[in-house]
Structure formats: C-alpha cells, structure tokens
Amino acid sequence: MGKSNDSSIFSKLKFYGPIIILLIANLNEFDLNYLKPDYFSFNFSFILIFFWSLKNPQQVPTLMIFLCGLFNDVVTSLPIGLSSFNYLLICGVTAYLRNIILRPNFINDWMFFLITILILNSINYLILQIFFDMEISQINYVINLGFTVIFFPLFFYIFKNLQKILI
Amino acid sequence: MVRSRDDFVIAFRSAFLKKKAKDKFSLFTLIIASIVLLILTNLNLKIINNLEKGLQDIVYRISVVASIPEKKIQDYYLKAKDHLAVYELKTKEENLYEKYNAEKLANEYLISENNRLRKIIGEQQLSQDNIIAKVLLDRESPFLNSIILNKGSKDNIELGMAVVDDDYLVGKIVEVNFLTSRVILVTDINSKIPGIIEPLGIHSIVSGSGKNEGTVEYLKEEYYPKINDDLNIFTSGIAGIFKPGIPIGKLKFDNKNKIFSVNFFSDFTQLEYVKVLISNKGDENGQK
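Here the protein sequences line up with chains A and B, keeping their order. Our numbering puts the last residue of the first sequence at 167; the count rises by one with no breaks. Our numbering puts the last residue of the second sequence at 455; the count rises by one with no breaks.
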C-alpha cells in the first residue's frame, strides 16, 4: 500500500515536472546571471509555458501558472499580476492554436511564439510605462526577446525529449 | 466570411472560456484576476500592499531554499574559475622565479669572476661609503668652475675624492679645510677624468671646457667610425681614485669641429646637495 502511494506521488511529481521546473526557474530568477555576460538574458518561462501548454496543457494547470506568475512578480519586483497576465495570455494563445491548427509543425510553432512574445512584450512595456511610470530599457527588452526566440528551438528539442520521459 | 468569423469566435471561446478537466478556473477568469490585481496594485491600496508584503515574505523564504542549487553551482563555478586563475598565476610566477634565479646565479658568477680577475691583475679593491654635503657656494668664475661644500677634514674628507650628484659624477675634491672643502667640477678646464666609453670599452680622458660640455681627449682616429651618439662614458677607475663605473655623460660628435664632446648627466647649475665618495681599501671581496 505504502509502495503504491510512493509510486503514485512520484508519478504525480513526474507528471507535473514542467510546472515544478517553472516554479524553480521563477524562484531562482533563472537568467544565467552568474556567467555575467553583458546583454545576455532570455525568458525561459515563456518558452516553457508556450511549449507545454501547446503540447500537453494537462501538465501545466492554469492556476499553478497564475501562482508562478505571482511568485515571479515578487522575486523580480514587478507589479503584482503582470507576469500572471503574460503567462495566461500565452496559455490563451496556445489554446487557440490548438483549436485552429490540425497539423502542427515546428516552424509554425516558432513563428507563433515570436508573434506571441512580441505582442506580450509590447503589452508589458505599455503597462509598465503608462500605468506604473517605470523606466524600461528598450534595448534590454529587445535583446531578451531576441535570445528567447533564438533559444526556442533548443528548448523545444529538450522539452520534446523530456516529454517522452515525463509521461 | 461569416463562417470564418464564427470559427474564430468558437476557437477563441473554447480557448479562453472553457475549463480544462482538472482546472477549477477558466483561463478567462484567471486573466481577469490578474488584471484586477494589476489595477489594485496600481491604485496602491493598503490591503494589496499588505497582501504583497505577506506574499514577499513567503516567496523570499522559498526563493532562498530554491536558490540553494543555483548558489552551489555558482559557488563551484567561481571556485573553479579562481582555481584556474591561481594556477595560471602560479605557473607564470614559477617561470618568472626560475628566470630571475638563473639571472641571479649568472650575476653572482660574474661578480665572483670579476673579483677573481681583478685580484689576478692586482687591482685594488675599493669599497665606498659616502658623505652627504651641502653646497655652500657655487662659484661661477670663467677660470675656475668649483663649488664649496660644508664638509671638511673633520668629516674625513680627503683630496681627490669623487663627488657625485645622485649617481652622476660632479667632480673631485681639490681643497680640504677643517670644516669645508672645494670641489673642482668636471666642467672646469683643469679637470681631467679617466673615462671609458661603454659598451665599446674604449679608454679616454674627459676634460672640462669651461662650459657646460666636456671634451673627449686622447681618442685615436681609428675608433671614430665605431663611435656614435648612443654611447655613454663612465669613470674607468684607472688612476685608482674613483671607483670604476660612475656615469659621467653621453657622447656627442661635433661634426663641424671633428671632436667628441660629452653632454654631462648632471646639471651643475642645480646642485644643492652632493655625495662625497669615501674610498676605502677593502679586502679581496671588496668589503671593508
């Protein structure tokens, strides 16, 4: 009985692996800061949420994504609710994509990802500038966006393999 | 057209309003919740501030725990980097140390060889102390370029002792009183210093000209092609009065008069304190 419970907990942890990774990544401020390269950062959370909510949304419950967003806002000192809003919009876009696309392919996913984060970053920028009077470095935003798009194929490949292990 | 709009609405509604099997809230509800939170944060309400503070306290504590692996990786990375840097530095230092050690040994060998050769040719070993003296008077006579020092026989000053400014030759003692002494400068027309042109090793006599420059005398014409403006002249120590190797000046060829002049290292118009080198006959190793 005990063994069965253990295996059940383990399989649940395995199943919700992506959300645990997202949680750790948000709490860690995952930005490869310790390597100290100038102008190098990418948004790992966006890639993770986009991939998993597109390929297997059951593994990333929306409520958990909402909470991860709140944690991210606290850690990065952003207005509470902003990251949640971004993450949930990604989920919305991927849900819409799932509904309209019959034959998914990588290039389409990549292009949709680019468009999605372009829109998200624009909304982010506008919200922070207009409603919160925050000074934002546009160059940093663009560089972050660029690296996030560049790294998408790599993480897509990694997550695809991880998906096989987790399910 | 109507059909495609209907498809869009259906897809949109399905994406945002339909709840997933295990979800308690729809995507739309959560998006609205985050927008409400954003608005409340912007309004700076007390309740939201308190909620934010509570959330921060919890998240920061969790973040500390969650950051442990990252911090460990960071520490190991920095340690490895430091270790490599230390290793590189150590390798460099070791190479440098070996080089200096080899040079030191070569110098020791040259010094002992030099002393041995001096002993073979019977040259006196001189070791020198010095006395700092103040220049009391600076006679600017066209016939005698000399200075008066505030040290005399009371301070063991003797005739013929070399006088230097820093390490450059200024002149020699020609008159000793109990409390003062006179130095004839190398610029004086009566000054004759045995010199050696280095690195060629050509011996000559440096004479004063009564001006700021000296002349090189008794230099055979066969050496002329070898001599250029980059050569320096030092005391040769041949007379046994000055120790060898005191820098005197730089050689300069006067093309017009076909003579070699010496541009003295020392500026004789600026002398305030000078050193009188007290020569002592030392033992074989050149020590007192």
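Just so it is clear, CB atoms sit at the ideal spot from N, CA and C, and this is done for glycine as well. These numbers were taken from a predicted model, which means no experiment stands behind them.
A/I20 is the residue among A/S41, A/N105, A/S122 and A/I20 whose C-alpha sits nearest the C-alpha of A/I65. Of the residues assessed, B/D332 falls on the buried side of the cut-off, its CB having 16 or more other CB atoms within 10 angstroms.
According to DSSP, residue pairing for B/A329 in a beta bridge involves B/K339 and B/L444.
Residue pairing by DSSP places B/P392 in no beta bridge whatsoever. Sequence-distant partners of A/N144 (beyond 5 residues in either direction) whose C-beta falls short of 7 Å from its own C-beta, in its chain, are S41, F42 and N43. A/D73 sits in a helix when the DSSP states are folded into three classes. Rounded to whole angstroms, A/I150 and B/D190 show a C-alpha spacing of 32 Å. Judged by DSSP in its simplified three-state form, B/T208 adopts helix. Among the residues of the region 82-94 of chain A, those with a Cβ less than 9 Å away from any Cβ of chain B are L82, S83, S84, F85, N86, Y87, L88, L89, C91, G92, V93 and T94, in the order of the chain. Contact check for A/N26 against A/F71 passes: the beta carbons are separated by less than 9 Å. Residue contact with chain A for B/L263: absent (no Cβ-Cβ distance below 9 Å to any residue of chain A).
With a threshold of 9 Å between beta carbons, A/R98 makes contact with chain B.
Contact check for A/L89 against A/T62 fails: the beta carbons are separated by 9 Å or more. What A/F132 touches in chain B, judged by beta-carbon distance under 7 Å, is N209, going in chain order.
The DSSP-derived three-state label of B/A406 is coil.
Under a criterion of Cβ atoms nearer than 7 Å, the residues of chain B adjacent to A/L70 are, in order, L222. Of all residues in the region 224-253 of chain B, only V226, I229, S230, A233, S234, E237, Q241 and Y244 place a beta-carbon less than 7 Å from a beta-carbon of chain A. In the DSSP assignment, A/F106 falls within the alpha helix (DSSP H) that extends over F106 to L126. Around B/F432, the same chain offers Y335, P414 and G416 as residues with beta carbons nearer than 6 Å, after the five sequence neighbours per side are excluded. Residues G375 and G377 of the same chain have their beta carbon placed closer than 6 Å to that of B/I356, with the five preceding and five following residues left out of the count. Contact between the region 44-54 of chain A and the region 173-180 of chain B is not established, with fewer than three Cβ pairs separated by less than 8 Å. Secondary structure note for A/P153: it is in no beta strand (DSSP E), and the uninterrupted alpha helix (DSSP H) holding it is Q138 to L166. When DSSP states are grouped into helix, strand and coil, B/N379 belongs to the coil group.
Between A/L63 and chain B, the shortest Cβ-Cβ separation is below 9 Å. Assignment of B/D190 by DSSP, reduced to helix, strand and coil, places it in the coil class. By the C-beta density criterion, B/P366 is exposed, having fewer than 16 other C-beta atoms within 10 angstroms. Taking a C-beta cut-off of 8 Å against chain B, none of the residues of the region 142-159 of chain A qualify.
Taking 9 Å as the cut-off, the beta carbon of B/I400 is found no closer than this to the beta carbon of B/E384.
Distances from the CA of B/T402 to each of B/K410, B/D396 and B/N395 were compared; the closest alpha carbon is that of B/K410. With a threshold of 16 other beta carbon atoms within 10 Å, B/T258 falls short and is exposed. An exposed status is given to A/S137, since fewer than 16 other beta-carbon atoms sit within 10 Å of its beta-carbon. Between the alpha carbons of B/F195 and A/I130 lies a distance of about 24 Å. Looking at the backbone, the Cα of B/G327 and that of B/V253 are separated by about 56 Å.
Bridge partners of B/F401 according to DSSP: B/I363 and B/P414. As DSSP reads the structure, B/D296 sits in a beta bridge with B/I445.
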